[in-house]
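If you read the sequence shown in the numbering used here, its first letter stands for residue 1238, the second for the next number, and so on.
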Amino acid sequence: MTLHLTPVRFRDARDYCAMWHRHHPPPVGMVFAVGVADENRILRGVAIVGRPVARHLDNGQTLEVTRTATDGTANANSMLYGAATRAAWALGYTRLITYTQAGESGASLRAAGWRVIAQRPARPGWDCPSRPRDPHGTEHMPRTLWEAAA
1238 MTLHLTPVRF
1248 RDARDYCAMW
1258 HRHHPPPVGM
1268 VFAVGVADEN
1278 RILRGVAIVG
1288 RPVARHLDNG
1298 QTLEVTRTAT
1308 DGTANANSML
1318 YGAATRAAWA
1328 LGYTRLITYT
1338 QAGESGASLR
1348 AAGWRVIAQR
1358 PARPGWDCPS
1368 RPRDPHGTEH
1378 MPRTLWEAAA
């Protein structure tokens, strides 16, 4: 199967993530999205890139790949990470990060030239009395922080 990059509108990227992402709902915003399609123009995966979720990383020069989702097509995810990296650099950003959950190998990230920056311990969640939040089922999950190589 031959894959190629394709532009994706935010609404379509969100819908694709809602259908194919394993453990998170679609994000609420983005800076850009990119898709990968096959030779028949069938969308096989999307990446959504936005401002970092962690506010201390939101310095105006850093972006975060907040979601990637594929239908399982081989090499689609690593192609998306590579495209997201090139697009972020072309837009003038100097840092691109993402997270994986415990149990995810990160093979697509390694294939796209990303590296592990830190291991983050599990959190009990983000709910607090001053700002109640609904659980998403991803609490108590250790994560790995990755960074795209410059």
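Note that CB positions come from ideal geometry on N, CA and C, so glycine has one too.
Between the alpha carbons of tryptophan 1351 and arginine 1370 lies a distance of about 32 Å. Exclusion of the five residues before and after arginine 1251 leaves Pro1263, Pro1264, Ile1285 as the residues of its chain whose Cβ lies within less than 8 Å of its Cβ. In the structure shown, histidine 1293 adopts helical secondary structure according to DSSP, grouped into three states.
Under DSSP, histidine 1241 takes part in a beta bridge, and its partners are Ala1274.
For the pair of segments examined, the segment 1243 to 1257 was found to touch the segment 1266 to 1286: the number of CB pairs separated by less than 8 Å reaches three. Asparagine 1296 counts as exposed, since fewer than 16 other beta carbons sit within 10 angstroms of its beta carbon.
Per DSSP, alanine 1325 is one residue of the alpha helix (DSSP H) stretching across 1313 to 1327. For tyrosine 1336, the uninterrupted beta strand (DSSP E) segment begins and ends at 1332 to 1338.
The three-state secondary structure of alanine 1355, taken from DSSP, is strand. For arginine 1304, the uninterrupted beta strand (DSSP E) run begins and ends at 1299 to 1307, by DSSP. Sixteen is the threshold: when 16 or more other Cβ atoms of the shown chains lie within 10 Å of the Cβ of asparagine 1314, as they do, the residue is buried.
The beta-carbon distance between valine 1273 and leucine 1317, rounded to whole angstroms, is 6 Å. This is short enough to meet the 8 Å contact definition. Each residue's CA atom was taken as its position, placing arginine 1360 and glycine 1329 some 32 Å apart.
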